[in-house]
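Asker: I'd like to ask some things about the structure below.
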Amino acid sequence: MKRLSHLVLAVVLTMTTAATPAAAHGAAPPPGEHRGTLANGATWLGHIPQRWNGTVLLFAHGFGPLLPQDSPDVQTRDLLLAEGYAMVGSSYSGPTWWALETALDDQFAALDAFTAVLGAEPRRTIAVGRSMGGLVSARQAHQPRGEIDGALTTCGIVAGGLNLNNYQLDGLHALTELLAPGREIPLVRYTSPAQAAQAAAEITALVTEAQATAEGRARIALAAALFNLTGWVRGEPRPAPDDYVTQQEHQYRTLLAGALTLYVTGRQQIELSAGGNSAFNKDVDYRALLAGSVRSAQVKALYRDAGLDLRADLDHLTATADITADPWAVADLRRSSMATGPLRVPHLAIHTVADELVPVEQVNWYAEHAQPRADRFRSLYVDTSGHCVFRPSEHLTALHALEHRVTTGRWPSLRPTDLNEAGAAYPGVAPRYLRYHPTRLVGGLGEPGR
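Numbers given in our numbering equal positions in the sequence shown, counted from 1, plus 6.
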């Protein structure tokens, strides 16, 4: 049994359908929901279908409460069960919501516990991750431990925690320095969740007030470019490419709808996990950062209309950038929160084209910097805005494409028209895949200006 090394962690098994694993009695495991607790206190949740097809989906949930999940939503779970997939996922043991320190071990241990319930080794195991869990699954694609056959990352933080912290710091630096120069609002090294929440509230108030003037709107657009924030509010028509005013309004509304608060409060959780600050902007060239952004034309137009000197603002940001990283925190996140080393198994990433929390440009950075072998990595893009707002048909068609690659060694057709046609057979609404090429990640490690 290839998972015996982890079974020691799975010491307590509790199930909704039986008190003990059916495999212990030599019987087939009962279909339905199964739960358990690992030795380190993490919990796991799994589902077994009526007729198992031999595949286990190891689901990694995103940033948030440490509760076990084994699928992105109930509708997708029911479709997967109907097709014969078994699935399992852990809560992570944390202790913070940024649970990358333990997530890989917790996921593998949950898989072992679930395999004991199944009573048989899976023919294949696919790691499926959502948001922060996408980083967990991407790391498993680089470190499969002989147990993972492929990885499907959805809205995943595939560029890793170091990049996430850095470009979000760039945007926050722009907001505080340009909207309230000289005002002391902490951006890093938070001593408590309350301090981070207070900082988020102060920055939100600055942005709200600035939106009332042309000067403020231009500077918000500059910060949005540094955040890699697309100007498209979910559920509304996408603004035209040259409609910079509407794009900026959408960026502002997105920031105020919760993205800005999460940029700040999420950092506090990452710092707590890493034992310090991993982000820096000292010696960052903000002219170069903006020059590398696809949104630079929007920023230039709004600055021109407001009568502001963009070059002067960028020079001010460069001159006042003095935040340095704690080396131990950088080392910690590099180890725990970046996908490193060669890609060992096929990896398929799907992403919406406008994601306020995990910008699609992360996929571009991963493809260029994380050593993914060209024959093992592919990416697909969904024509909508929002974080992790995939339809079940999009999940299922992507999973089947990845399984084809795992089984045959060759990728099937990934043309959007073919995928959308294949997914149209599922109940509900058809997939929205489109041909798309993400631009470069502004503020990423190794990118211009940083």
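Glycine residues also receive a C-beta, built at the ideal position from the N, C-alpha and C atoms.
1. Let me make sure I understand the geometry here. Which of D84, L51, R301, L44 has the alpha-carbon closest to that of P398?
2. Count the CB pairs spanning the region 274-287 and the region 194-210 that are closer than 8 Å, and state whether there are at least three.
3. Find the nearest neighbour of L354 within the set Q304, A133, H179, L87, judged by alpha-carbon distance.
4. Which word fits A119, buried or exposed, when buried means at least 16 other C-beta atoms lie within 10 angstroms of its C-beta?
5. If you run the structure through DSSP and keep just helix, strand and coil, what is A48?
6. Could you spell out where the beta strand (DSSP E) holding L386 opens and where it closes?
7. Give me, in chain order, the residues of the same chain whose beta-carbon lies closer than 6 Å to that of R129; leave out the 5 immediate sequence neighbours on both sides.
8. Going by beta carbon distance, what residues of the same chain come within less than 7 Å of S342, once the five residues before and after it are set aside?
9. Leaving out five residues before and five after T445 in sequence, what residues of the same chain have Cβ atoms less than 7 Å from its Cβ?
10. If you count every other CB in all the chains shown that lies within 10 Å of the CB of R310, and 16 or more means buried, which is it?
11. Secondary structure at F93, three-state DSSP: helix, strand or coil?
12. With V62 as the anchor, note down where its beta strand (DSSP E) starts and where it stops.
13. Whole angstroms are fine: how far does the CA of S77 sit from the CA of A376?
14. Going by beta carbon distance, what residues of the same chain come within less than 7 Å of E453, once the five residues before and after it are set aside?
15. Quick one: what's got a C-beta closer than 6 Å to L278's C-beta in the same chain, skipping five residues either side?
16. For V134, does the three-state DSSP call read helix, strand or coil?
17. Take L64 as the anchor and find which of V142, A88, T43 has the nearest alpha-carbon.
18. Residues in the same chain with beta-carbon distance under 7 Å from G241, minus the five sequence neighbours each way, listed in chain order, please.
19. From G450, T414, L170, L402, pick the residue whose C-alpha is nearest to that of G434; which is it?
20. What does the alpha-carbon distance come out to for the pair T219 and E400?
21. Can you tell me which residues form a DSSP beta bridge with I54?
22. How close, in whole Å, do the beta carbons of A48 and S96 come, if the pair is a contact with beta carbons under 8 Å?
23. Reducing DSSP to helix, strand and coil, say where G156 ends up.
24. Given this structure, state the Cα-to-Cα distance separating G455 from A294, to the nearest angstrom.
25. With DSSP as the reference, please indicate the residues paired to A380 in a beta bridge.
26. What distance in whole Å lies between the Cβ atoms of Y387 and Y442, which are believed to be in contact at a cut-off of 8 Å?
27. Just mark L68 as buried or exposed, buried being the case when its beta carbon has 16 or more other beta carbons within 10 Å.
28. Any contact of the region 173-192 with the region 323-331, i.e. 3+ C-beta pairs under 8 Å?
29. Using alpha carbons as the reference points, say which of L314, A229, Y258, P150 lies closest to V239.
30. Here's the rule: buried if 16 or more other CB atoms are within 10 angstroms of the residue's CB, otherwise exposed. What is E362?
31. Please report how far the alpha carbon of A186 lies from the alpha carbon of I209, in whole angstroms.
32. I need the DSSP call for L268, collapsed to helix, strand or coil.
33. Whose C-beta lies closer than 7 Å to the C-beta of R151 among residues of the same chain, with five residues either side of it excluded?
34. In three-state terms, what does DSSP make of Y292?
35. So, L349 versus P378, is the Cβ gap smaller than 8 Å?
36. Expressed to the nearest angstrom, what Euclidean distance is found between the alpha-carbon atoms of I163 and E215?
Answerer: Straight from the coordinates:
1. Within the sequence shown, the letter at position 392 stands for residue 398. If we check each option's Cα against that of P398, D84 comes out closest.
2. yes
3. Translated into positions along the sequence shown, residue 354 becomes position 348. The candidate whose alpha carbon is nearest that of L354 is A133.
4. Numbered from its first residue, the sequence shown carries residue 119 at position 113. Per the 10 Å Cβ criterion, buried.
5. Against the sequence shown, residue 48 aligns to sequence position 42. In the structure shown, A48 sits in coil (DSSP, three-state: anything other than H, G, I, E or B).
6. Here residue 386 refers to the residue found at position 380 of the sequence shown. That run of the beta strand (DSSP E) goes 383-391.
7. What you label residue 129 is simply residue 123 of the sequence shown in a count that begins at 1. For R129, where only same-chain residues beyond five positions count, the Cβ hits under 6 Å are G60.
8. Residue numbering aside, residue 342 sits at position 336 when the sequence shown is read from its first letter. Result list for S342: L106, E107, in chain order.
9. Counting from 1 along the sequence shown, the entry for residue 445 is found at position 439. Same-chain partners within the cutoff: V300, E367, N370.
10. Residue 310 sits at position 304 when you count from the first residue of the sequence shown. Exposed.
11. Position 87 of the sequence shown, counting from 1, holds the residue named residue 93. According to the sequence as given, residue 93 is Met; it is not Phe. Looking at M93 - three-state DSSP - the assignment turns out to be strand.
12. Indexing the sequence shown from 1 puts residue 62 at position 56. V62 -> beta strand (DSSP E) spans 61-66.
13. Along the sequence shown, read from residue 1 onward, the residue named residue 376 stands at position 370. Along the sequence shown, read from residue 1 onward, the residue named residue 77 stands at position 71. Approximately 26 Å between the Cα atoms of the pair.
14. The residue you call residue 453 lines up with position 447 of the sequence shown. The answer, listed in chain order, is G298, R446, L447.
15. For this step, residue 278 is matched to residue 272 along the sequence shown. Excluding sequence neighbours, L278 sits near T102.
16. Within the sequence shown, numbered from 1, the residue matching residue 134 stands at position 128. Correct three-state label for V134: strand.
17. For this step, residue 64 is matched to residue 58 along the sequence shown. It is V142.
18. Numbered from its first residue, the sequence shown carries residue 241 at position 235. Once the five neighbours on either side are set aside, G241 has no close Cβ partner at all.
19. One-based indexing of the sequence shown puts residue 434 at position 428. Checked all of G450, T414, L170, L402; the closest Cα to G434 is L402.
20. If you number the sequence shown from 1, residue 219 lands on position 213. If you number the sequence shown from 1, residue 400 lands on position 394. Their backbone Cα atoms lie some 41 Å apart in a straight line.
21. Counted from its first residue, the sequence shown places residue 54 at position 48. The partner list for I54 (beta bridge, DSSP) reads G38.
22. Mapped onto the sequence shown, residue 48 falls at position 42. Mapped onto the sequence shown, residue 96 falls at position 90. Yes, they are in contact, since the Cβ atoms of A48 and S96 sit about 5 Å apart, within 8 Å.
23. Translated into the one-based positions of the sequence shown, residue 156 becomes position 150. In the structure shown, G156 sits in a strand (DSSP, three-state: E or B).
24. For the purposes of this step, residue 455 is taken as residue 449 along the sequence shown, with counting starting at 1. For the purposes of this step, residue 294 is taken as residue 288 along the sequence shown, with counting starting at 1. About 5 Å.
25. One-based indexing of the sequence shown puts residue 380 at position 374. Bridge partners of A380: none, in fact.
26. Here residue 442 refers to the residue found at position 436 when the sequence shown is read from its first residue. Here residue 387 refers to the residue found at position 381 when the sequence shown is read from its first residue. Their Cβ separation, rounded to whole angstroms, is 4 Å, which keeps Y442 and Y387 in contact under 8 Å.
27. Along the sequence shown, one-based indexing puts residue 68 at 62. It should be noted that the sequence gives Gly, not Leu, for residue 68. That one is buried.
28. yes
29. Here residue 239 is taken as the residue at index 233 of the sequence shown, counted from 1. Here the closest residue by C-alpha is Y258.
30. Position 356 of the sequence shown, counted from the first residue, corresponds to residue 362. So E362 counts as buried.
31. Residue mapping note: residue 186 aligns to position 180 of the sequence shown, counting from 1. Residue mapping note: residue 209 aligns to position 203 of the sequence shown, counting from 1. Distance between the alpha carbons of A186 and I209: 9 Å.
32. Position 262 of the sequence shown, counting from 1, holds the residue named residue 268. Three-state result, L268: helix.
33. Taking the first residue of the sequence shown as 1, we reach residue 151 at position 145. Counting only Cβ-Cβ distances below 7 Å, and skipping sequence neighbours, we find F114.
34. What you label residue 292 is simply residue 286 of the sequence shown in a count that begins at 1. DSSP places Y292 in helix when its eight states are reduced to three.
35. Taking the first residue of the sequence shown as 1, we reach residue 349 at position 343. Taking the first residue of the sequence shown as 1, we reach residue 378 at position 372. Yes.
36. As a working note, residue 163 is residue 157 in the sequence shown. As a working note, residue 215 is residue 209 in the sequence shown. Approximately 31 Å between the Cα atoms of the pair.
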